[in-house]
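I have placed the structure first, in the form of C-alpha cells, so that the comments after it can refer back to it.
2 protein chains.
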Amino acid sequence: MSLDIDKVAIKTSLSSFLGSNCTEMDGATDFFEELAEKAEEVNLGINEYIFREKDDSDYVYIPVSGAVMLERATLTGSRQVFAFLFTGNILGISEHKNYSFSAKTLTNAVVIKINQQLILDIFDKYPAIAQRYHEVTRHILTLILDQLFIMGQKTAHQRLAHFLLDMKYRLGHGTQTFHLPMSRQDIADYLGMSLETASRGFSKLKKDGLISIENNYQITLENYDALKAYAED
Amino acid sequence: MSLDIDKVAIKTSLSSFLGSNCTEMDGATDFFEELAEKAEEVNLGINEYIFREKDDSDYVYIPVSGAVMLERATLTGSRQVFAFLFTGNILGISEHKNYSFSAKTLTNAVVIKINQQLILDIFDKYPAIAQRYHEVTRHILTLILDQLFIMGQKTAHQRLAHFLLDMKYRLGHGTQTFHLPMSRQDIADYLGMSLETASRGFSKLKKDGLISIENNYQITLENYDALKAYAED
DNA sequence: CGAGCCCTTGATGCATTTCAACGAATGTGG
DNA sequence: CCACATTCGTTGAAATGCATCAAGGGCTCG
Chain C
1 MSLDIDKVAI KTSLSSFLGS NCTEMDGATD FFEELAEKAE EVNLGINEYI
51 FREKDDSDYV YIPVSGAVML ERATLTGSRQ VFAFLFTGNI LGISEHKNYS
101 FSAKTLTNAV VIKINQQLIL DIFDKYPAIA QRYHEVTRHI LTLILDQLFI
151 MGQKTAHQRL AHFLLDMKYR LGHGTQTFHL PMSRQDIADY LGMSLETASR
201 GFSKLKKDGL ISIENNYQIT LENYDALKAY AED
Chain E
1 MSLDIDKVAI KTSLSSFLGS NCTEMDGATD FFEELAEKAE EVNLGINEYI
51 FREKDDSDYV YIPVSGAVML ERATLTGSRQ VFAFLFTGNI LGISEHKNYS
101 FSAKTLTNAV VIKINQQLIL DIFDKYPAIA QRYHEVTRHI LTLILDQLFI
151 MGQKTAHQRL AHFLLDMKYR LGHGTQTFHL PMSRQDIADY LGMSLETASR
201 GFSKLKKDGL ISIENNYQIT LENYDALKAY AED
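Just so you know, the sequences run in chain order C and E.
Quick note on numbering: the first sequence equals residues 1 to 233 in the UniProt record's numbering.
Quick note on numbering: the second sequence equals residues 1 to 233 in the UniProt record's numbering.
Below you can see the structure in the form of C-alpha cells.
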C-alpha cells in the first residue's frame, strides 16, 4: 500500500501550507482527498531545475523534503536570487501564464506537483479553499515587501545578519543551530552583494562572537538578541 | 445629478484597473453597478496620508487623479518607498488585517474608497470578478519581484535609468516627455540611494545627452534606446 | 525683494567591489 | 591509500562607487 502512504505525505504537505486551521474548514477534507488523488510526487537530484523562467506556468509545487531556490539570471551573467524555499513552502502560486523566475534544487528534494487548472477547478467547488489560497498569495507579497525593505535599507553585514535570523527561524526548529543548504554565492546573490562581502560578513559576525561556524554551513547563533540588535540598526 | 457623474467616474476607474475586457465578463455590469453604488470618492490635498502602516486594512483605494506613494519608515528615521501609484492603480489590495506600509499623496488627489468586506461579499456573487481581482494581486507580485531584481542588480545610476523608463511608460502617454510628481528624496528612497546620488544620476544622464530636464521635474528622454541599453548593462 | 525649500555640486571618507592569492574540503584515478 | 585536480571559502590589497558633510544656486511664494 505504498500508494496510500504517498497520499498521506501529500495531504500532510497540503495542510502545512494551507495552515492547520484549514483542516477544520468546510469541505476541506473532501478537498484534500480530491487534490491528493490528482497530485503527484516528483523526486529530484541536487542542482536540478524544477522549471525555468518563461516556461508555461502550468504547475504549482510544494517541497516535501529538501531545499529550493528561486532565481533570475541577467543577460550579462549575473543573477538575482528571490527566495529560498523549504518543506511546506509553495512555488509558482503567483504566476500568470509563464514563470517569472527559475526554480532550482539546492539539495536532493521531493516535491508535490499540482496542476494549476486543477486548483482553479477546485476553487469553484470549495470557495473557502480559494479564499485561503489567495491569503497565501498575499502573505507571499508581504514577505517580498519585507525583502525589498531590507535590500533598500541595510548595509551588507546587516542584511546578512537579517538573513541568518530568518534562516534560524525557518531551519532552526526551535534551536539556535541550523544547517545552510545554500552556498556563499547563493546568499550573496540573494542579498545583492559580492561573494567576498558575504564571506567577510560571516567572518565578522564570528569574530564578534555573534555566531559560530562549523564546516562552513553549520551555523549557531551564539547571541540571538545581539544579532537582532545588530540587524535592526 | 452630480451624484451620477461621480458614479460614472467610479465605474471608469474600476474598469481601468480590472481591465477593459472585464466589462464583457459575466455579471460584470451588475458588479459595476453594485460597487459604484457603495464606493465613495475622497478628495485629498498634497502630502496627506490615505492610511498609515498598521492601520486596520478595511479599505481598498483606487486613484482617479493625482499621485500616491507607498512607504515604510524605520525606527532610525530612514525610509523605504515601495511604489508610486497613479490613476487606475490600486492600493491596499494585498493587505491582510493591517496595512504593511503607509500611503501618502504626492499631489492633490481624488481616490475611490471601497470597503474590503464589500469586495469579499461581491466575490461570492460574481466568481469571475474574484478571479480577476486575484490576477491583479498576482500582477502586483510580479511587479514587486521586478523591483527586487533591480534593487539587487544595478548600480545607482542604472537603477535611476530604469526608474525613468518606467515613469516614461506610465506617465508619458506615448510621448517621450513626462512630469515627475515626486521629489529627488522620494526617488532616492525608492531606489535605495542617497538624495545626492539620485541628483548626480540625473546630472550624468543629462550630460550624456540621454535626457533633458526642465524645472527639475519635467523630463524628456532624448535617446530612449541608449537609455534602455544603459539601464540594462 | 527676501525667506525657505529643494536641487546641485564639490570634497572627503568609508563601504563594497574587484582582482588576486591562499587554504580547506571533496572527489578521482593511479 | 596517496598525489592531484577541482570546487568553494577566506583573506589581503587596491580601486571604485556611494554616502556624508558642506556650500552654493535656483525656484516659488509670500
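Quick reminder that beta carbons are idealized off the backbone N, C-alpha and C, glycines included.
- For ALA130/E, the enclosing alpha helix (DSSP H) starts and ends at 127-153.
- For GLN158/E, the three-state secondary structure derived from DSSP is helix.
- Its chain contains PHE51, GLY92, GLU95, HIS96, LYS97, ASN98, TYR99, GLN116 as the residues whose beta carbon lies nearer than 8 Å to that of SER57/C, once the 5 sequence neighbours on both sides are disregarded; these appear in chain order.
- Restricting attention to beta strand (DSSP E) runs no shorter than 3 residues, the stretch 33-111 of chain C encloses them at 40-44, 49-51, 59-65, 68-73, 79-85, 102-105, ordered along the chain.
- The stretch 54-74 of chain E makes contact with the stretch 104-121 of chain E: 3 or more CB pairs, one atom from each, lie closer than 8 Å.
- In this structure, GLY45/E and THR105/E form a Cβ contact; the two beta carbons are roughly 7 Å apart against a cut-off of 8 Å.
- Contact note: THR74/C reaches chain E through PHE149, GLN153, GLU232, ASP233, using a C-beta cutoff of 9 Å and chain order.
- Leaving aside the five residues that flank VAL42/C on each side, the residues in its chain whose CB is nearer than 6 Å to its CB run, in chain order, VAL111, LYS113.
- Going by C-alpha positions, LEU210/E is about 20 Å away from MET182/E.
- MET167/C places its beta carbon less than 7 Å from that of PHE178/C.
- The beta carbon of ALA36/E lies closer than 6 Å to those of LYS7, ILE10, LYS11 in the same chain, with the five residues before and after it left out.
- Taking C-alpha positions only, LEU195/E is separated from THR220/E by approximately 21 Å.
- Of the other Cβ atoms in all chains shown, 16 or more fall within 10 Å of the Cβ of ASP186/E; this residue is therefore buried.
- Distance from ALA198/C to LEU160/C at the Cβ level is roughly 6 Å; contact confirmed, criterion being Cβ atoms closer than 8 Å.
- Assignment of beta-bridge partners to PHE178/C by DSSP yields ILE219/C.
- When secondary structure is reduced to three states using DSSP, SER183/C falls in the coil class, being assigned neither helix nor strand.
- Between PHE123/E and the set THR142/E, PHE32/E, LYS228/E, the nearest pair of CA atoms involves PHE32/E.
- Straight-line spacing of the CA atoms in LEU143/C and GLN158/E works out to 26 Å.
- Here the C-alpha atom of ASP208/E lies approximately 11 Å from the C-alpha atom of GLY201/E.
- Closer than 9 Å at the C-beta level to chain E, one finds these residues of the stretch 108-137 of chain C: LEU120, PHE123, ASP124, PRO127, ALA130, GLN131, TYR133, HIS134, GLU135, THR137.
- For chain C, the residues of the UniProt domain "Cyclic nucleotide-binding" (34-92) of chain E that bring a beta carbon within less than 7 Å of one of its beta carbons are ARG72, THR74, LEU75, THR76, SER78, GLN80, PHE82, in chain order.
- Interface annotation, ILE144/C: in contact with chain E, CB-CB separation under 7 Å.
- The alpha-carbon of HIS134/C is positioned some 19 Å away from that of ASP30/C.
- Following the DSSP letters along the chain, one finds SER212/E inside the beta strand (DSSP E) bounded by residues 211-214.
- In the DSSP assignment, ASP208/C falls outside any alpha helix (DSSP H) and carries neither an H nor an E.
- Annotation for ASP225/E: the continuous alpha helix (DSSP H) segment containing it runs 224-231.
- Contacts with chain C at 7 Å (Cβ-Cβ) do not include GLY174/E.
- Taking C-alpha positions only, TYR190/C is separated from GLN147/C by approximately 10 Å.
- Residue contact check for SER13/C against chain E: no CB pair falls below 7 Å.
- Inter-residue distance for HIS162/E and GLU214/E is about 20 Å (C-alpha atoms, whole angstroms).
- For SER102/E, no CB of chain C lies under 7 Å from its own CB, so it is not counted at the interface with that chain.
- As a beta-bridge residue in DSSP terms, LYS113/C pairs with GLU40/C, TYR61/C.
- Contact between ARG138/C and THR155/E fails: their C-beta atoms lie close to 33 Å from each other, not under 8 Å.
- Approximately 36 Å separates the beta-carbon atoms of THR87/C and ASP233/E; this is outside 8 Å, ruling out the contact.
- For SER194/E, the secondary structure class from DSSP, reduced to helix, strand or coil, is coil.
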